[in-house]
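Undergrad: Numbered continuously in our numbering, the sequence shown closes out at residue 1032.
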Amino acid sequence: YLNHPLREDQSVKYIRPGLEVLEEVQRTGDIFFPKNWAAALLGNHLSSSAYEEVVRFLNERPDYSPLLKNKILQAAYPLYRANN
């Protein structure tokens, strides 16, 4: 699968595009889909490059939806723990 630890180096490039469509996912999906999307996107990522990608995405969007930001932070919690 895409987020297998052995494929992490190759799958980091999908984090930014996946986060960029999260607002659209919220608009077009059901109430639980954004949470599941973020969890599937960030699951099993523990590298510093994945961590930096999430931090950079959030820092570039200070007015990002708090609801979606919290879903990203929840999904990225293991990633933050591994890099702090």
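From the three backbone atoms N, C-alpha and C, an ideal C-beta is built for every residue, glycine too. Note that the coordinates shown come from a computational prediction; the quantities given were computed from them, not determined experimentally.
State the CB to CB distance for the pair A1023 and L990, rounded to an integer number of angstroms; the pair is presumed to be in contact (CB under 8 Å).
TA: As a position in the sequence shown, residue 1023 is number 75, starting the count at 1. As a position in the sequence shown, residue 990 is number 42, starting the count at 1. Their Cβ separation, rounded to whole angstroms, is 4 Å, which keeps A1023 and L990 in contact under 8 Å.
Undergrad: What whole-angstrom Cβ distance do K1019 and L1006 have, given they're in contact under 8 Å?
TA: As a position in the sequence shown, residue 1019 is number 71, starting the count at 1. As a position in the sequence shown, residue 1006 is number 58, starting the count at 1. Wrong, their Cβ atoms sit about 12 Å apart, outside the cutoff.
Undergrad: Mind checking which residues open and close the alpha helix (DSSP H) that includes F1005?
TA: Within the sequence shown, the letter at position 57 stands for residue 1005. Segment 996-1007, the alpha helix (DSSP H) holding F1005.
Undergrad: Taking only runs of the alpha helix (DSSP H) that begin and end inside the segment 961-993, which ones reach a length of at least 4 residues, in chain order?
TA: Fully enclosed alpha helix (DSSP H) runs of 4 or longer: 963-968, 970-976, 981-990.
Undergrad: Would the segment 952-970 count as touching the segment 980-987 if we require 3 or more Cβ pairs under 8 Å?
TA: The answer is yes - the segment 980-987 touches the segment 952-970, with three or more Cβ pairs under 8 Å.
Undergrad: The alpha helix (DSSP H) that contains P1026, what's its start and end?
TA: Counting from one through the sequence shown, the residue named residue 1026 turns up at place 78. Per DSSP, P1026 belongs to the alpha helix (DSSP H) from 1025-1031.
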